[in-house]
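Right, one structure below, let's go through it.
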DNA sequence: TAGATATACATCGGCTCCGAGGTTTAAAAA
DNA sequence: TTTTTAAACCTCGGAGCCGATGTATATCTA
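Chains as they are written, first to last, in the working numbering: chain A, 1 to 184; chain B, 185 to 368.
Written as structure tokens, this is what we have:
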């Protein structure tokens, strides 16, 4: 998804892609050569991208990669209907968010944000005692577990706040677009 | 790490472990049977845990798992000197945090927190233009990328704040312990 | 009493990804 | 001039994990 997402902005060669994916770091660990190049080949075989050999600006020749219509469609499908992990796994979610603007319909964008919003709404019960009963944060002995839950709650609230504002804005824009087209 | 970490609190059987790991969800995706049971066997072969067959409380007999001294040592090594991914990958970091109390020395605990603190200090440069120059958040066209960076900064500050307070407290406690032993 | 459900454990094929190694090309350093 | 460094690409073996599938047992439901 990150490969096609970056290529959707402008053509890039593999080495450049690698650095861009790596610098989403903190969210995504740097991608290894052994992952990147086979994946590029796979996307090429699936006609999601084309490559043109160009002279390297500094050294060895580059393979400039360009996304195709098929690739754009694939990217949009991934964004529109993301696998569960892309909603529940923070790392994956942030990747999705980084490219969600490529899904041009605001209503569809809002729908994806809503899925995340719904996920964040679930109360986090992280720790249980020997009998299986949940332990409330204030009864946790470990200050690290206490901090973990504090941070979790706080960051969740931050994101929920942003999500709600964003969803409202997107829906408003979608509604406005509908009214402009003269009807529902 | 999660398996040994949970077992360090009290003995558990595989099925129970599975649920406990799964309910760290949001941070960790539920662990699959095909992952859990081979891992348990691996830990048993490495003498990190022992199993006793006990009658199941509801149905089939259980294998009650108990951590050994070897297992405790292994867990402490993992916690004391975590692989880079456990510092930089949020999911893994939260797992580590959930069991850091098993590393009993406050100075060692503070050291681990400091590694995370140092990582969070790095300024996040997530997006670059076609020429390779970093794009400042306010110039990003995508509201999602803007939100991504906002959330990232905000949650980082929250965690940094907690880390600083926690590190200070741990170092104070370590210093107090040293003074009590009558030394340096 | 038959089937469905939940507990509890286990295996196996397949997929993804990584890390180590290797190649080519140009520029910089020795 | 030779070596080193950095850019740029590629491959292969192995590790880790998942999903499907299967087994046994006790309880709940039809």
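A virtual CB, placed ideally from N, CA and C, is assigned to each residue, including glycine.
Within the region 40-104 of chain A, the complete alpha helix (DSSP H) segments of 4 residues or longer fall at 69-80, 85-88, 90-99, listed in chain order.
Residue state for residue 137 of chain A is assigned as helix, using DSSP reduced to three classes.
By the CB criterion at 9 angstroms, residue 227 of chain B and residue 250 of chain B fall outside the cutoff.
Going by DSSP, residue 305 of chain B is part of the alpha helix (DSSP H) stretching over 290-305.
Along the region 189-207 of chain B, going in chain order, the ones with a CB nearer than 8 angstroms to a CB of chain A are 193, 194, 200, 204, 207. Chain B places a beta carbon closer than 9 angstroms to that of residue 91 of chain A, counting this residue as a contact. Taking C-beta atoms as the reference points, residue 327 of chain B and residue 166 of chain A count as a pair closer than 9 angstroms. In this structure residue 159 of chain A is buried. Its beta-carbon is surrounded by 16 or more other beta-carbon atoms within 10 angstroms.
Checking the DSSP bridge columns, you'll see residue 12 of chain A partnered with A:65. Contact of residue 299 of chain B with chain A by beta-carbon distance below 8 angstroms is absent, the smallest such distance being about 14 angstroms. For residue 128 of chain A, the secondary structure class from DSSP, reduced to helix, strand or coil, is strand.
Note on geometry: alpha-carbon atoms of residue 280 of chain B and residue 241 of chain B lie some 31 angstroms from one another. One finds 166 in chain A with Cβ atoms closer than 7 angstroms to the Cβ of residue 327 of chain B, taken in chain order.
In the three-state reduction of the DSSP assignment, residue 358 of chain B falls in the helix class. Within the same chain, Cβ atoms closer than 8 angstroms to the Cβ of residue 88 of chain A are found at 119, the five residues on either side in sequence being excluded. Closest in alpha carbon position to residue 81 of chain A, among A:147, A:5, A:138, A:103, is A:103.
Going by C-alpha positions, residue 289 of chain B is about 41 angstroms away from residue 329 of chain B.
In the displayed model, residue 216 of chain B falls within coil according to three-state DSSP, outside both helix and strand. Annotated as proximal: residue 5 of chain A and residue 98 of chain A, with beta-carbon spacing under 9 angstroms. Listed along chain B are 339, 342, each with a C-beta nearer than 7 angstroms to that of residue 155 of chain A. When B:356, B:195, B:358 are compared, the shortest CA-CA separation from residue 255 of chain B is found for B:195. Taking the C-beta atoms as reference points, residue 197 of chain B is found nearer than 9 angstroms to residue 238 of chain B. Interface criterion met: the Cβ of residue 309 of chain B is under 9 angstroms from a Cβ in chain A. With a threshold of 9 angstroms between beta carbons, residue 187 of chain B makes no contact with chain A. The C-beta distance from residue 90 of chain A to residue 274 of chain B rounds to 5 angstroms, short enough to meet the 8 angstroms contact threshold.
If you draw a straight line from the Cα of residue 94 of chain A to the Cα of residue 332 of chain B, it is about 7 angstroms long.
In this structure, the beta-carbon distance from residue 321 of chain B to residue 334 of chain B falls below 9 angstroms.
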